[in-house]
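Enquirer: For reference, the structure I am asking about is given below.
Protein chains in written order, with the working numbering: chain A, 1148 to 1402; chain B, 1148 to 1402; chain C, 1148 to 1402; chain D, 1148 to 1402.
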């Protein structure tokens, strides 16, 4: 059995969307601050973070269209100081199931797709080859961009855009009944050069219309390097009651 | 296949140790605050939390004895504003392996063990019965206390104490070469009535001496109710670089 | 010239209302963590806090009645992810003006008023004596409770109630056209035994109806001990854009 | 009497040093989330912030040289999870005293000094003219840069440098026995083009050697526009126990 760790490391200063509270970590108590009789000592931390920071999963509550969440729920009626009474990340059942990796960068013979590249339905179909996509699968889409995570400004890609799934490809996934999908960039979907994160049609298609959760900023380079395409995916986000997302440590397990 | 969710829900006001920064969650942006052209809207959150809050895992860096961490590392040399350069939770490899549940409450025919009860080596041995404990296993110890999670002051157990693993039982686990161990209470180990969290000898034995991580505040009532004792445990904490622990969503998978 | 510091110290674990995010402070970087060439080093911190914690001032945006803020503004129209577009604490002009201290505890010959005691209009009138209250003054009401700040559970006063200004006294202040008022307890107004902070009629009268800001958890023992009743009050809250309140360090200056 | 507000507004996204935790503000509870019987409702917030963010004051504990703080205190002996036992911002007595404004930008006939400009002793002397600087005064140095606060990247000035007090000018201030000094930029002292905040000799001279606190990111444009040079300065930072600094709302009062 081999386990692939599909999460990027979380540390202060890592690349993230400026739309979300920045990840901060600090030691609160260090060893030596308070030594107990007997010589023992405990250290601890504080973490401040948005829920769409680092490798994370979007809850269905994250996006609305015309005031409505997935299933026609009125956002205004389920959001409050307690978070979302419905469709928060606590409603996402931990996923333990089949994962498939559609490596679009490898398909095109490049380590990383160019900024602003739109992944199409044909890309996904060609990357799948004769591997069947079944209802309930988790489909991870490779752009190679997890290799750029340490290049902060490039990774966020404000000016040059970011490659990712386009509307056509999103509909291809919906048609196959996938349970969840993920990618290597902050937004998952394609960001056109200069467009920023202003309109995100693929989020609308997946989260609002189809009820498919999205995992972002995944580390997929290990799968790409090993040529692993079919595996057991484990996706167990924190049970943050009412939250619109959660950091997560996804694992791919091959027998 | 059946998946048991072994994490308690995380929400403001949940019971936690007063030694750690309190868990706080707030919606930052709600639907309707900023509606994009086209009618889309995204909501998001901020989370503030200690790393030993809710269902969580202790890194080896969490506890020192006489200034030394596991393996004789000097704590003062590896702790800084970047957290722990060694033995932080980011060094814990995601665990996907055999888990066993030793239900000491069931052994004694009670739903929950009494406050301050010390789980002994004989308890663990009797609860295991003819089920073998192997090197590398994850051993979860049942006290029934995850059933008390909604009773905040009782769960923290400041005055009456809390049941848990004692020193003898900890040594029993070490002798069997377990990889990781977990329980249902905040401290995992027994807290004598009135003792508070001042001295934690079992943490010293497990984290410092043996290098065995501890999972705390687990939800094990589901395993107890189903009588499940042997399963695949998945333990994938957030990759918080340099942190002394992390919230986690452990899963038990039975074929 | 003598300056009286009217703020309680802010530290982890200080008494505060459980309705607000807890005050937390941690050193992020300590001296020695990162020493610059030449031997210099800088330490810094992180603070997490509610805005109604420690000595603080309520913005008019803090309380609404039937959906309306002071001046009939609809709360729903001015609140968003950016905070309050109107009546946030950033709209409070720093106060530098006359302050008067009405020491109701001294009036009754006690160091602290009993839990649940209602300060009445006659109390205020008698405490003022022949000192005139003028429009635009800041009136600070003494209950002696700043002396109890270190007694955490007593100060919060969940069960026994807390002394403070009642509705009649609030109307007395409104009638005199005061600009701002303050007190020594968390809620400023009287909390009946067992009542908790569920209904706060004095907040409605002052913040919503009269547009008078309230300063809470002030340290007034120094004024009481010195018998100072008439002074220059300086009240300069942080300019937190859109916030419902702010911690503040009020000063009383006597020539 | 006229009161000048010398603080910049605090809001998400304002320019700040990347060395400190970012300022974040969110409404936790909005009006309508929890309406009490009777129709009342309270809104509140959470704030996360570094202590050297927005208009703020440096505590003497902020900087050390060769492991020593002001007065020869060993930093390692006074820093802990409780912050600094000595020289934290809680030891700064609120300042109510004479303030003088030395407008070096006006001296040079420009609204803002160029990036990287070093304010010299002659600049300060010429800006003072025949106005005497006395021991115990607070000296505010005008560079005009508070006018650039809304130009985020320019204000932080990573590449082009930032104007400010140089070593010679710092010694001039020390020689006059000033109690505290302040300026309009993040670092107060001059940052050479491309230098970043790596070495800060003026901080060493003022905080470590002379024991003079520094106020940064002040809004001094109002004083400059009004030509006010001599006033009462009020400086009352939050009483954050053990912290290396605090946000503050300084006021200048002219009769």
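Where is the CB? At the ideal position from N, CA and C, for every residue including glycine. Keep in mind it's a predicted model, so treat the numbers as computed, not measured.
Counting only C-beta atoms, is residue 1277 of chain D closer than 8 Å to chain C at any point?
Expert: Reading the fourth chain from its first residue, position 130 is the one you call residue 1277 of chain D. Not closer than 8 Å to any Cβ of chain C, the Cβ of residue 1277 of chain D fails to qualify, so no.
Enquirer: I'd like the ranges of any alpha helix (DSSP H) spanning at least 4 consecutive residues and lying wholly in the segment 1161-1242 of chain D.
Expert: Entirely contained in the segment 1161-1242 of chain D, the alpha helix (DSSP H) runs reaching 4 residues are, in chain order, 1222-1225.
Enquirer: In the DSSP assignment, what residue or residues form a beta bridge with residue 1393 of chain B?
Expert: Here residue 1393 of chain B is taken as the residue at index 246 of the second chain, counted from 1. Bridge partners of residue 1393 of chain B: B:1204.
Enquirer: Is it buried or exposed, residue 1386 of chain D, if we count other Cβ atoms within 10 angstroms and call 16 or more buried?
Expert: Here the question's residue 1386 of chain D lines up with position 239 in the fourth chain. Buried, since its Cβ has 16 or more Cβ neighbours within 10 Å.
Enquirer: Give a yes or no on whether the C-beta atoms belonging to residue 1400 of chain B and residue 1157 of chain B are separated by under 8 Å.
Expert: Within the second chain, residue 1400 of chain B is the residue found at index 253, counting from 1. Within the second chain, residue 1157 of chain B is the residue found at index 10, counting from 1. No, they are not a contact pair.
Enquirer: Rounding to the nearest angstrom, what Cα-Cα distance links residue 1298 of chain B and residue 1152 of chain B in this structure?
Expert: The sequence position of residue 1298 of chain B within the second chain is 151, counting from 1. The sequence position of residue 1152 of chain B within the second chain is 5, counting from 1. Distance between the alpha carbons of residue 1298 of chain B and residue 1152 of chain B is about 20 Å.
Enquirer: Going by alpha carbons, who is nearest to residue 1368 of chain A out of A:1259, A:1349 and A:1300?
Expert: Taking the first residue of the first chain as position 1, residue 1368 of chain A is located at position 221. With distances taken between Cα atoms, residue 1368 of chain A lies closest to A:1259.
Enquirer: Roughly how many whole angstroms lie between the Cα atoms of residue 1392 of chain A and residue 1160 of chain B?
Expert: Sequence index remark: in the first chain, residue 1392 of chain A carries index 245 (1-based). Sequence index remark: in the second chain, residue 1160 of chain B carries index 13 (1-based). Taking the straight line joining both Cα atoms gives about 20 Å.
Enquirer: With H, G and I counted as helix, E and B as strand and the rest as coil, what does DSSP make of residue 1150 of chain C?
Expert: In the third chain, counting from the first residue as 1, residue 1150 of chain C sits at position 3. Correct three-state label for residue 1150 of chain C: strand.
Enquirer: Taking C-alpha atoms, which residue in A:1374, A:1284, A:1383 and A:1315 lies nearest to residue 1351 of chain A?
Expert: Counting from 1 along the first chain, the entry for residue 1351 of chain A is found at position 204. When only C-alpha atoms are compared, the closest one is A:1315.
Enquirer: Between which two residues does the beta strand (DSSP E) harbouring residue 1380 of chain D extend?
Expert: Taking the fourth chain and counting its residues from 1, the one referred to as residue 1380 of chain D is at position 233. First-last of the beta strand (DSSP E) with residue 1380 of chain D: 1377-1382.
Enquirer: Quick test of your reading: residue 1366 of chain A and residue 1154 of chain A, contact by CB under 8 Å. State the CB separation rounded to the nearest angstrom.
Expert: Here residue 1366 of chain A refers to the residue found at position 219 when the first chain is read from its first residue. Here residue 1154 of chain A refers to the residue found at position 7 when the first chain is read from its first residue. That belief holds up - the Cβ atoms of residue 1366 of chain A and residue 1154 of chain A are roughly 6 Å apart, short of 8 Å.
Enquirer: With 8 Å as the threshold, decide whether the Cβ of residue 1173 of chain D is near any Cβ in chain B.
Expert: Mapped onto the fourth chain, residue 1173 of chain D falls at position 26. It does: the Cβ of residue 1173 of chain D has a partner Cβ on chain B nearer than 8 Å.
Enquirer: With DSSP collapsed to three states, give me the class of residue 1302 of chain A.
Expert: Translated into the one-based positions of the first chain, residue 1302 of chain A becomes position 155. Three-state DSSP puts residue 1302 of chain A in a helix.
Enquirer: When DSSP labels each residue in this structure, what does residue 1356 of chain B get in the three-state scheme?
Expert: Here the question's residue 1356 of chain B lines up with position 209 in the second chain. Note: residue 1356 of chain B maps to helix in three-state DSSP.
Enquirer: Near residue 1282 of chain A, what residues of its chain come up, given a Cβ to Cβ distance below 6 Å and the 5 sequence neighbours on each side ignored?
Expert: Sequence index remark: in the first chain, residue 1282 of chain A carries index 135 (1-based). Cβ within range, chain order: 1324.
Enquirer: Three Cβ pairs or more, each shorter than 8 Å: is that satisfied between the segment 1172-1189 of chain B and the segment 1204-1211 of chain B?
Expert: At 8 Å Cβ cutoff, the stretches do not touch.
Enquirer: Got a sec? Which residues, its chain only, sit under 7 Å from residue 1265 of chain A by beta carbon, not counting five neighbours each side?
Expert: Along the first chain, one-based indexing puts residue 1265 of chain A at 118. Around residue 1265 of chain A: 1313 and 1337.
Enquirer: Under the rule that 16 or more other beta-carbon atoms within 10 Å means buried, what is residue 1384 of chain B, buried or exposed?
Expert: Along the second chain, one-based indexing puts residue 1384 of chain B at 237. When all chains shown are included, residue 1384 of chain B counts as buried.
Enquirer: Apart from the five residues just before and just after residue 1097 of chain D, which ones in its own chain have a Cβ nearer than 6 Å to its Cβ?
Expert: Nothing in the structure corresponds to residue 1097 of chain D, since chain D is present only between 1148 and 1402.
Enquirer: In terms of alpha-carbon separation, which member of D:1382, D:1183 and D:1303 lies closest to residue 1166 of chain D?
Expert: In the fourth chain, counting from the first residue as 1, residue 1166 of chain D sits at position 19. Checked all of D:1382, D:1183 and D:1303; the closest Cα to residue 1166 of chain D is D:1303.
Enquirer: Among residues of its own chain, excluding the 5 on either side of residue 1321 of chain D, which ones have a beta-carbon nearer than 8 Å to its beta-carbon?
Expert: Within the fourth chain, residue 1321 of chain D is the residue found at index 174, counting from 1. The residues are 1352, 1353, 1356, 1357 and 1359.
Enquirer: Quick one: residues in its chain with C-beta nearer than 6 Å to the C-beta of residue 1280 of chain B, no 5 flanking neighbours on either side, listed in chain order?
Expert: In the second chain, counting from the first residue as 1, residue 1280 of chain B sits at position 133. Excluding positions up to five away in sequence, the list reads 1323.
Enquirer: Take every Cβ of the segment 1240-1257 of chain A, pair it with every Cβ of the segment 1217-1226 of chain A, and state whether three or more of those distances are shorter than 8 Å.
Expert: No, the segment 1240-1257 of chain A is not in contact with the segment 1217-1226 of chain A.
Enquirer: Give me the Cβ distance between residue 1390 of chain C and residue 1202 of chain C, rounded to the nearest whole Å; I'm assuming they're in contact under 8 Å.
Expert: If you number the third chain from 1, residue 1390 of chain C lands on position 243. If you number the third chain from 1, residue 1202 of chain C lands on position 55. No, residue 1390 of chain C and residue 1202 of chain C are not in contact; Cβ-Cβ is about 15 Å, not under 8 Å.
Enquirer: Compare the C-beta of residue 1169 of chain B against all C-beta atoms of chain C and say whether one is closer than 8 Å.
Expert: Mapped onto the second chain, residue 1169 of chain B falls at position 22. Taking Cβ atoms only, chain C reaches closer than 8 Å to residue 1169 of chain B, which makes this a yes.
Enquirer: Just tell me which of B:1286, B:1270 and B:1331 has its CA closest to the CA of residue 1296 of chain B.
Expert: On the second chain, position 149 is the one that residue 1296 of chain B refers to. Ranking the options by Cα distance to residue 1296 of chain B, first place goes to B:1331.
Enquirer: Using 8 Å as the limit for Cβ to Cβ distance, is residue 1163 of chain A near chain B?
Expert: Looking up residue 1163 of chain A in the first chain gives position 16. Closer than 8 Å: no.
Enquirer: Would you say residue 1286 of chain C and residue 1249 of chain C are within 8 Å of each other, going by their C-beta atoms?
Expert: The count along the third chain starts at 1 and reaches residue 1286 of chain C at position 139. The count along the third chain starts at 1 and reaches residue 1249 of chain C at position 102. Contact: yes.
Enquirer: What three-state label does DSSP hand residue 1250 of chain A in the structure shown?
Expert: Stepping through the first chain from its first residue, residue 1250 of chain A is reached at position 103. In this structure, residue 1250 of chain A counts as strand in the three-state DSSP scheme.
Enquirer: So residue 1251 of chain A and residue 1288 of chain A are supposed to be a Cβ contact under 8 Å. How far apart are they, rounded?
Expert: Residue mapping note: residue 1251 of chain A aligns to position 104 of the first chain, counting from 1. Residue mapping note: residue 1288 of chain A aligns to position 141 of the first chain, counting from 1. Their Cβ separation, rounded to whole angstroms, is 6 Å, which keeps residue 1251 of chain A and residue 1288 of chain A in contact under 8 Å.
Enquirer: On the premise that residue 1362 of chain A lies in contact with residue 1140 of chain A, defined as a C-beta separation below 8 Å, what is that separation, rounded to the nearest angstrom?
Expert: Chain A is shown from 1148 up to 1402; residue 1140 of chain A falls before or after that span and cannot be answered.
Enquirer: Along the segment 1177-1195 of chain D, what residues have a CB closer than 9 Å to any CB found in chain B?
Expert: Taking 9 Å as the Cβ-Cβ cut-off against chain B, the residues of the segment 1177-1195 of chain D that qualify are 1177, 1192, 1193 and 1195.
Enquirer: When you compare only the Cα positions, how much space is there between residue 1270 of chain A and residue 1255 of chain A?
Expert: Stepping through the first chain from its first residue, residue 1270 of chain A is reached at position 123. Stepping through the first chain from its first residue, residue 1255 of chain A is reached at position 108. Residue 1270 of chain A and residue 1255 of chain A: Cα-Cα distance of roughly 9 Å.
Enquirer: Provide the residue span of the beta strand (DSSP E) that contains residue 1287 of chain B, from first to last.
Expert: Position 140 of the second chain, counting from 1, holds the residue named residue 1287 of chain B. Counting along the chain, the beta strand (DSSP E) containing residue 1287 of chain B begins and ends at 1285-1289.
Enquirer: Given this structure, state the Cα-to-Cα distance separating residue 1170 of chain B from residue 1172 of chain C, to the nearest angstrom.
Expert: Along the second chain, one-based indexing puts residue 1170 of chain B at 23. Along the third chain, one-based indexing puts residue 1172 of chain C at 25. Using only the alpha carbons, I get a separation of about 14 Å.
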